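A.B. asks: Using our numbering, the letters of the sequence shown map in sequence onto residues 6 to 266.
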Amino acid sequence: MTHTPHESVRLTADVVLFAHLAGQRHVLLIRRSWQPYASYWALPGGHVDPGETTIAAARRELAEETGLTVPALVEVRVYSTPGRDPRGRYVSAVYTADLGTVGESAAAPTAGDDAAEARWIPVAEVLTGDRWPLAFDHRRIVTETHLAHSVGAVMPAMADLGRTLRAGLASAFPAETEQVRQVLAMAEESGEFVQAARRWLGLARTPGEFSAVEAELADVIITSYVTAAVFGIDIDRVIAETAARIIARGWRTGPAVDGRS
């Protein structure tokens, strides 16, 4: 029987902390003092001490490296891809929080421990270009967490609006299914849905918040949700996938998690 040696694994915890400063979403980063990646920017975080939980380590590292305390951290996921750290096999539990809109002085970080500097950096600058070189796989982590926050903020508002519209249609058309089918057929015949979809794509490529799209395109939302209700389409999944593509391509940003822009 061939014996396979066990791989030594180190456990770490990292924090992706967002805030809206001067009208832009920012992420909190530290500049590393030590190798590997000395002078590179990274997420606050570090090794989990013996007997310590990963969330306790995330809170401790955040406080030690930036001076900030955020009790309401939410776990994002565990990153364990081999090769993500040149020192060996590292597995990181990633946590996140969004402070919403804050004043610069209210959330000013203070670098400590092994952080040479700590500062809020616009997410848009972190995701594009090389102005802020990031250590390890932290650019990927910021990108994926930002996307999850953005889509998560858009979805409830869209779903709530859809439920309201469906309820209104149900009261207006007692024989809902047949009446709605006829209305949709007429809309398709006249090309209204196609025109609305084209307008949606045009606005999606225009810089701005998703909230502007919701206000501007009520007719598209109505048609989409009614169509989904009649034909059994999982519209929430479709919206999430579409929003993810739009944000990933940089056409439009998602709002803050607390709904403020």
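Where is the CB? At the ideal position from N, CA and C, for every residue including glycine. Bear in mind that the values here come from a model prediction, so they are computed numbers and not experimental data.
CA-CA distance, Ala61 and Pro49?
C.D. replies: The straight-line gap from Cα to Cα measures roughly 13 Å.
A.B. asks: Can at least three beta-carbon pairs, one atom from the region 93 to 100 and one from the region 75 to 85, be found at a separation below 8 Å?
C.D. replies: yes
A.B. asks: Going along the chain, which residues of its own chain have a beta-carbon closer than 6 Å to the beta-carbon of Ala121, five neighbours each way excluded?
C.D. replies: Arg36, Ser38
A.B. asks: Near Ala18, which residues of its chain fall below 6 Å by C-beta distance, leaving aside the five closest residues on each side in sequence?
C.D. replies: Gly50, Val53, Thr59, Ala62, Ala63, Ala98
A.B. asks: Spatial neighbours of Val147 within its chain, please: C-beta separation below 8 Å, excluding the five flanking residues on both sides.
C.D. replies: For Val147, where only same-chain residues beyond five positions count, the Cβ hits under 8 Å are Val21, Val32, Leu48, Val128, Val131, Leu132, Leu139.
A.B. asks: Whole angstroms are fine: how far does the CA of Ser85 sit from the CA of Thr26?
C.D. replies: Reading the sequence as shown, one finds Leu at residue 26 and not Thr. Using only the alpha carbons, I get a separation of about 32 Å.
A.B. asks: Count the other C-beta atoms from every protein chain shown that fall within 10 angstroms of the C-beta of Ala114, then say buried if there are 16 or more, exposed otherwise.
C.D. replies: One detail in the question is off: residue 114 reads as Pro in this sequence, not Ala. Buried is the call here.
A.B. asks: For Thr150 and Gly93, I'd like the C-alpha separation in whole angstroms.
C.D. replies: 24 Å
A.B. asks: Could you check what DSSP says for His151 in three-state terms: helix, strand or coil?
C.D. replies: helix
A.B. asks: Please list, in chain order, all residues of the same chain as Arg65 whose beta carbon is under 7 Å from its beta carbon, the five residues on each side excluded.
C.D. replies: none
A.B. asks: What are the start and end residues of the alpha helix (DSSP H) that includes Thr59?
C.D. replies: 59 to 71
A.B. asks: Let me confirm a value: Glu12 is counted as buried when at least 16 other C-beta atoms fall within 10 Å, else exposed. Which label applies?
C.D. replies: So Glu12 ends up on the exposed side.
A.B. asks: State the beta-bridge partners of Pro127 as determined by DSSP.
C.D. replies: His31
A.B. asks: Identify which residue in Asp118, Gly108, Trp46 has its Cα closest to the Cα of Ala24.
C.D. replies: Among Asp118, Gly108, Trp46, the Cα nearest to that of Ala24 is on Gly108.
A.B. asks: Which residue spans inside the region 74 to 100 form an unbroken beta strand (DSSP E) run of at least 3?
C.D. replies: 79 to 84
A.B. asks: Please state whether DSSP places Ala48 in a helix, a strand or coil.
C.D. replies: The displayed chain sequence assigns Leu, not Ala, to residue 48. Looking at Leu48 - three-state DSSP - the assignment turns out to be coil, as it is neither helix nor strand.
A.B. asks: Let's see if you can read the secondary structure: which residues bound the beta strand (DSSP E) around Thr115?
C.D. replies: Run containing Thr115: none; DSSP gives neither H nor E here.
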